[in-house]
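Quick notes on the structure that follows.
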Amino acid sequence: MRTKLERREHFSGLLFVAPLIAVLILVAGWPLARTLYFSFTDAYLDDSANHVLIGFRNFVDVAGDPVWWRAVRNTAIFTAISVAIETVLGLAIALLLHGAIPGRGLVRAAILVPWAMPVVVSTKIWEWMLNDQFGVVNRAIVGLGLADHGVAWVANGSLLLGVVIFIDVWMTTPFMVLLILAGLQILPEEIFEAAEVDGIPWWKRLWSITLPLLAPTIGVAVLFRVLDALRMFDLAYVLAGANVNAMTMSIYARDRLINNQELGVGSAASTMVFLLIALVAIFIVGAMRLDRSGAAER
Amino acid sequence: MASVALRSVSKSFGHVPVITDVNLEIADGELVVFVGPSGCGKSTLLRLIAGLVPVGAGDIVIDGEVVTDIPASKRGIAFVFQSYALYPHMTIARNIGFALETLGLSRQEIDAKVAEVAATLKIDHLLARRPRELSGGQRQRVAIGRALVRQPEVFLFDEPLSNLDSDLRMEMRMEIAKLHANLAATMIYVTHDQVEAMTLADRIVVLNRGRIEQIGTPQQLYHAPQNRFVAGFIGSPRMNFMAVSANASSSDCHMQGPGSLSFDVSLSAPGVPAEIGIRPEALSIATQGQGKVTGTLERLEDLGHEHLAYIRIAPDVAWSVRLSNSLGKNALGTSIGLDWRFEDLFLFDKNGHRLDHSLSHERSAVANGVRA
Chain A
1 MRTKLERREH
11 FSGLLFVAPL
21 IAVLILVAGW
31 PLARTLYFSF
41 TDAYLDDSAN
51 HVLIGFRNFV
61 DVAGDPVWWR
71 AVRNTAIFTA
81 ISVAIETVLG
91 LAIALLLHGA
101 IPGRGLVRAA
111 ILVPWAMPVV
121 VSTKIWEWML
131 NDQFGVVNRA
141 IVGLGLADHG
151 VAWVANGSLL
161 LGVVIFIDVW
171 MTTPFMVLLI
181 LAGLQILPEE
191 IFEAAEVDGI
201 PWWKRLWSIT
211 LPLLAPTIGV
221 AVLFRVLDAL
231 RMFDLAYVLA
241 GANVNAMTMS
251 IYARDRLINN
261 QELGVGSAAS
271 TMVFLLIALV
281 AIFIVGAMRL
291 DRSGAAER
Chain B
1 MASVALRSVS
11 KSFGHVPVIT
21 DVNLEIADGE
31 LVVFVGPSGC
41 GKSTLLRLIA
51 GLVPVGAGDI
61 VIDGEVVTDI
71 PASKRGIAFV
81 FQSYALYPHM
91 TIARNIGFAL
101 ETLGLSRQEI
111 DAKVAEVAAT
121 LKIDHLLARR
131 PRELSGGQRQ
141 RVAIGRALVR
151 QPEVFLFDEP
161 LSNLDSDLRM
171 EMRMEIAKLH
181 ANLAATMIYV
191 THDQVEAMTL
201 ADRIVVLNRG
211 RIEQIGTPQQ
221 LYHAPQNRFV
231 AGFIGSPRMN
241 FMAVSANASS
251 SDCHMQGPGS
261 LSFDVSLSAP
271 GVPAEIGIRP
281 EALSIATQGQ
291 GKVTGTLERL
301 EDLGHEHLAY
311 IRIAPDVAWS
321 VRLSNSLGKN
331 ALGTSIGLDW
341 RFEDLFLFDK
351 NGHRLDHSLS
361 HERSAVANGV
371 RA
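Top line first, the protein sequences correspond to chains A and B. Counting from 1, one number per residue, gives the positions in the first sequence under the UniProt record's numbering. Counting from 1, one number per residue, gives the positions in the second sequence under the UniProt record's numbering.
If you want it as structure tokens, here you go:
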């Protein structure tokens, strides 16, 4: 039996979240439902009202398209390598910045610059710097005598995905640094002083104290980055458009939807991207929980 | 075990001097307590000895060896933190044995040492748990166990009992005293709690604004404080003070002050008393119309085993009196005379230095740390 006060609090609680729920339904729920609906139709973008339900044919179509599987592979490679490098690099830089090095405040501000730049701008800058004829990178390589002619970074299909990964690492490592640095700064200092007095060498302090205590922070950072990387669109699209060598899942969906005007197939591809990302998210969150209880048993 | 010496140690943080020219010799096996108000530099001094904070000037010597430039891990010390500083993700057993893992001992040897220490501290039933599952007192035992297992030359305690409730604090205090007796180890103990200081210490170092005010046994500090600061800091409730005007043309000195204060003392050394001090437990209620000073009874506190009376002598002077029985509520607001024995009177000059006044034979007995 609820008291009057409890009922009143319950009611005002509902009242406060109602606008949020309404907005969410409008901007997330409705488009999602529409996309899901269209993925089961043969609709085209120019005349979306004229369609019939065709069951799972669109999904079968996408699953049978080698270009889709190429996009899945690209996305998986991109995510695994870029997030791995960003995590290791981010951790290393954060540990450096956490130590009392002179000019740390300046470095901390400077390191944010890549993260603060719009993706399109930094991608375009890098594209120009990596230009095979006029780019400063090739000029430096030739000038230093490392090669007698420049490398076709962006034009060479086999290098393209590597370039996407490189630019993403350049842009997103600051995000990792910042998150991990924040995690480092809330660790109690006295624990490390205790270890110092106890004569624990630095590598053991890092491995047995810092990393385990930092694991939840790193886990959350990795989760953010993986989800972000799985829906990679802007960087790869600005750099390579629909080039199949750097095509991600999102670019594939956009290609079918806009270029081919296939609203039904494009929606099906989008739905599959959504499901894949959801699956990975559930897996990572589960793994983090497992990790925690695993640590509790050791 | 080892002796510890500080030679003209100073330390500043930026432009703020925290420790100024501290000289101190601690004998092998001695338990020395640093006390002082918060911000007096006592914890910093301990961290300087530990090597957690680099020394600004001067030298730190442990066991005859200058360790000023030697890292904390090589000084043969163990440090017990106020926050316990246990590793939250490790079991109690691993917390205690962690430092041994880098010494190349076998698993069995580590386990044996951990078990031994845990048994000493009565925490052997907790070894499989994690710090967050333990109470504050248990955590502090683990922290002490972590220090014990390394068999250090010197134990450093930084307010180890401050986060515990008073019952536990008393229990742990006795535990630490017992440890000190059994190990005969050199211990340096920082606290702001003067009961801990008085009960644990072989010698107490009173610090104020980064300087040593006085070093002595608990009895010396209580009975023969060298200055007003130490006199006011040691003892609870604190010593009563009152400014007086003295007419000191010769060694005979006539003093006057609020509350009809008027008496003569003879000083054994030159100086002009500016303030008198008397401990609450040295005051007694005078019979009607008598007493060396009079005031109005303002407040009574019944603590069960003792009673405290607050007597206002002047608008800015209120003295506390420790009594064994209550004055009764009816006495509130009435005029009360206070009396004391001359040997319980402390005199301070305008710089706060204590002046010896001559009741010569009794005073010298007190100065040697024997209660008169």
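Backbone N, C-alpha and C define an ideal beta-carbon position, used for all residues, glycine too.
Checklist line | Which listed residue (B:147, B:272, B:64) has its alpha carbon closest to that of residue 252 of chain B | finding: Residue 252 of chain B sits at position 252 when you count from the first residue of the second sequence. Among B:147, B:272, B:64, the Cα nearest to that of residue 252 of chain B is on B:272.
Note to self: Let me see if you follow: with CB-CB separation under 8 Å, is residue 159 of chain A close to chain B or not?
What the structure shows: Translated into positions along the first sequence, residue 159 of chain A becomes position 159. It does not; no Cβ of chain B falls within 8 Å.
Notebook entry, point to check: Closer than 9 Å, Cβ to any Cβ of chain B: which residues of the stretch 210-237 of chain A, in chain order?
Noted result: 212, 213, 215
Checklist line | Spatially closest choice to residue 182 of chain A from A:241, A:91, A:17, by CA coordinates | finding: Looking up residue 182 of chain A in the first sequence gives position 182. Considering only alpha carbons, the answer is A:91.
Note to self: Which same chain residues end up closer than 6 Å to residue 77 of chain B when comparing Cβ atoms and leaving out the 5 residues on each side of it in sequence?
What the structure shows: The residue given as residue 77 of chain B occupies position 77 in the second sequence. Once the five neighbours on either side are set aside, the close Cβ partners of residue 77 of chain B are 50, 152, 154, 156.
Margin query: Give me the chain B residues within the contact set of residue 52 of chain A, using Cβ-Cβ distance strictly less than 9 Å, ordered along the chain.
Written below: Here residue 52 of chain A is taken as the residue at index 52 of the first sequence, counted from 1. For residue 52 of chain A, no chain B residue has a C-beta closer than 9 Å to its own C-beta; the minimum C-beta separation is roughly 59 Å.
Next item on the list: Please specify which runs of the alpha helix (DSSP H), each continuous and at least 4 residues long, are wholly inside the stretch 147-190 of chain B, giving them in chain order.
Entry: 166-183
Item checked: Interfacial residues, the stretch 52-78 of chain B to chain A, with Cβ spacing under 9 Å -> Result list: 52, 71, 72, 73, 74, 75, 77, 78.
Next item on the list: Leaving aside the five residues before and after residue 263 of chain A along the sequence, list all residues of the same chain whose C-beta is less than 7 Å from its C-beta, in chain order.
Entry: Along the first sequence, read from residue 1 onward, the residue named residue 263 of chain A stands at position 263. Correct list, in chain order: 38, 43, 44, 45, 48, 257.
Next item on the list: Classify residue 331 of chain A as helix, strand or coil using the three-state DSSP reduction.
Entry: The structure shown does not extend to residue 331 of chain A, since chain A is modelled only from 1 through 298, so no value can be given for it.
Notebook entry, point to check: Do you know how far the Cα of residue 186 of chain A is from the Cα of residue 278 of chain A?
Noted result: Here the question's residue 278 of chain A lines up with position 278 in the first sequence. Here the question's residue 186 of chain A lines up with position 186 in the first sequence. Roughly 30 Å between the two C-alpha positions.
Notebook entry, point to check: Any Cβ of chain B within less than 8 Å of the Cβ of residue 200 of chain A?
Noted result: Walking along the first sequence from the start, residue 200 of chain A turns up at place 200. Closer than 8 Å: yes.
Check: Taking 8 Å as the CB-CB cut-off, is residue 92 of chain A touching chain B?
Finding: Here residue 92 of chain A is taken as the residue at index 92 of the first sequence, counted from 1. No, residue 92 of chain A does not count as interfacial toward chain B.
Next item on the list: Determine the chain A residues that contact residue 222 of chain B at a beta-carbon separation under 8 Å, and present them in chain order.
Entry: Looking up residue 222 of chain B in the second sequence gives position 222. Per Cβ cutoff of 8 Å: no residues; residue 222 of chain B is ~33 Å from chain A at best.
Next item on the list: Run down chain B in chain order and give the residues with a C-beta less than 8 Å from the C-beta of residue 188 of chain A.
Entry: The count along the first sequence starts at 1 and reaches residue 188 of chain A at position 188. Near residue 188 of chain A (Cβ distances below 8 Å), the residues of chain B are 83, 85.
Next item on the list: Using DSSP bridges, identify the partner residues of residue 11 of chain B.
Entry: Start at 1 with the first residue of the second sequence, and residue 11 of chain B comes out as number 11. In DSSP, residue 11 of chain B forms a bridge with B:19.
Notebook entry, point to check: Can you give the Cα-Cα distance for residue 380 of chain B and residue 121 of chain B, rounded to whole angstroms?
Noted result: Because chain B here runs from 1 to 372, residue 380 of chain B falls outside it and cannot be looked at.
Item checked: Residue range of the unbroken alpha helix (DSSP H) whose run includes residue 31 of chain A -> As a first step, residue 31 of chain A must be located in the first sequence, where it is residue number 31. 30-38 is the extent of the alpha helix (DSSP H) around residue 31 of chain A.
Item checked: Assigned secondary structure, residue 369 of chain B (DSSP; H/G/I helix, E/B strand, else coil) -> Here residue 369 of chain B is taken as the residue at index 369 of the second sequence, counted from 1. Interpretation of residue 369 of chain B is limited by its pLDDT of 40, a score under 50 that renders its predicted location unreliable; no figure is taken from the coordinates.
Notebook entry, point to check: Between the C-alpha atoms of residue 184 of chain A and residue 22 of chain B, what's the straight-line distance to the nearest angstrom?
Noted result: Against the first sequence, residue 184 of chain A aligns to sequence position 184. Against the second sequence, residue 22 of chain B aligns to sequence position 22. Rounded to whole angstroms, residue 184 of chain A to residue 22 of chain B spans 35 Å at the Cα level.
Next item on the list: Check whether the Cβ atoms of residue 99 of chain B and residue 200 of chain A lie closer than 8 Å to each other.
Entry: Position 99 of the second sequence, counted from the first residue, corresponds to residue 99 of chain B. Position 200 of the first sequence, counted from the first residue, corresponds to residue 200 of chain A. Cβ distance < 8 Å, so residue 99 of chain B and residue 200 of chain A count as in contact.
Check: If you draw a straight line from the C-alpha of residue 16 of chain A to the C-alpha of residue 23 of chain A, how long is it?
Finding: Within the first sequence, numbered from 1, the residue matching residue 16 of chain A stands at position 16. Within the first sequence, numbered from 1, the residue matching residue 23 of chain A stands at position 23. Rounded to whole angstroms, the separation of the alpha carbons of residue 23 of chain A and residue 16 of chain A is 13 Å.
Check: Taking one C-beta from the stretch 66-81 of chain B and one from the stretch 105-125 of chain B each time, how about it: are there three or more such pairs within less than 8 Å?
Finding: no
Notebook entry, point to check: If you measure from the beta carbon of residue 186 of chain B to each beta carbon in chain A, is any gap under 8 Å?
Noted result: As a first step, residue 186 of chain B must be located in the second sequence, where it is residue number 186. So, not an interface residue.
Check: Is there a Cβ from chain A that is less than 8 Å from the Cβ of residue 141 of chain B?
Finding: In the second sequence, counting from the first residue as 1, residue 141 of chain B sits at position 141. Not closer than 8 Å to any Cβ of chain A, the Cβ of residue 141 of chain B fails to qualify, so no.
Notebook entry, point to check: Using a Cβ-Cβ cut-off of 6 Å (strictly less than) and excluding sequence neighbours within five positions of residue 41 of chain A, which residues of its own chain qualify?
Noted result: In the first sequence, counting from the first residue as 1, residue 41 of chain A sits at position 41. Within the same chain, 51, 53, 264 come within 6 Å of residue 41 of chain A by CB-CB distance, once the 5 residues on both sides are set aside.
Notebook entry, point to check: If you draw a straight line from the alpha carbon of residue 295 of chain B to that of residue 350 of chain B, how long is it in whole angstroms?
Noted result: Position 295 of the second sequence, counting from 1, holds the residue named residue 295 of chain B. Position 350 of the second sequence, counting from 1, holds the residue named residue 350 of chain B. Roughly 24 Å between the two C-alpha positions.
Next item on the list: Please determine, among B:197, B:189, B:233, B:219, the residue with the shortest C-alpha to C-alpha distance to residue 213 of chain B.
Entry: For the purposes of this step, residue 213 of chain B is identified with residue 213 of the second sequence, where counting begins at 1. Nearest C-alpha to residue 213 of chain B: B:233.
Check: By the 10 Å Cβ neighbour count, where 16 or more other Cβ atoms means buried, how is residue 314 of chain A classified, buried or exposed?
Finding: Residue 314 of chain A is absent from the structure shown; chain A starts at 1 and stops at 298.
Next item on the list: Would you check if the distance between the CB atom of residue 28 of chain B and the CB atom of residue 199 of chain B is smaller than 8 Å?
Entry: In the second sequence, the residue the question calls residue 28 of chain B occupies position 28. In the second sequence, the residue the question calls residue 199 of chain B occupies position 199. Taking 8 Å as the Cβ cut-off, residue 28 of chain B and residue 199 of chain B do not qualify as a contacting pair.
Note to self: Output needed for residue 97 of chain A: all residues of its chain with C-beta closer than 8 Å, excluding positions within five of it in sequence on either side, in chain order.
What the structure shows: Counted from its first residue, the first sequence places residue 97 of chain A at position 97. 104, 107, 108, 111, 177, 181.
Margin query: Using C-beta distances below 6 Å, list every residue in its chain close to residue 115 of chain A, excluding the 5 sequence neighbours before and after it, in chain order.
Written below: Sequence index remark: in the first sequence, residue 115 of chain A carries index 115 (1-based). Cβ within range, chain order: 174, 175.
Note to self: List, in chain order, every chain A residue whose beta-carbon is nearer than 7 Å to that of residue 155 of chain B.
What the structure shows: To locate residue 155 of chain B, count along the second sequence from 1; it is residue 155. Near residue 155 of chain B there are no residues of chain A at all, since even the closest Cβ is about 11 Å away, more than 7 Å.
Next item on the list: Tell me the start and end of each unbroken alpha helix (DSSP H) in the stretch 206-252 of chain A that is at least 4 residues and wholly inside, in chain order.
Entry: DSSP runs (the alpha helix (DSSP H)) wholly in the stretch 206-252 of chain A: 211-230, 234-240.
Check: If we cut at 8 Å on Cβ distances, does residue 102 of chain B have a partner in chain A?
Finding: Walking along the second sequence from the start, residue 102 of chain B turns up at place 102. Interface residue, yes.
Notebook entry, point to check: Excluding sequence positions up to five away, which residues of its chain have a Cβ less than 6 Å from the Cβ of residue 24 of chain B?
Noted result: Working through the second sequence from its first residue, we reach residue 24 of chain B at position 24. Hits under 6 Å: 6.
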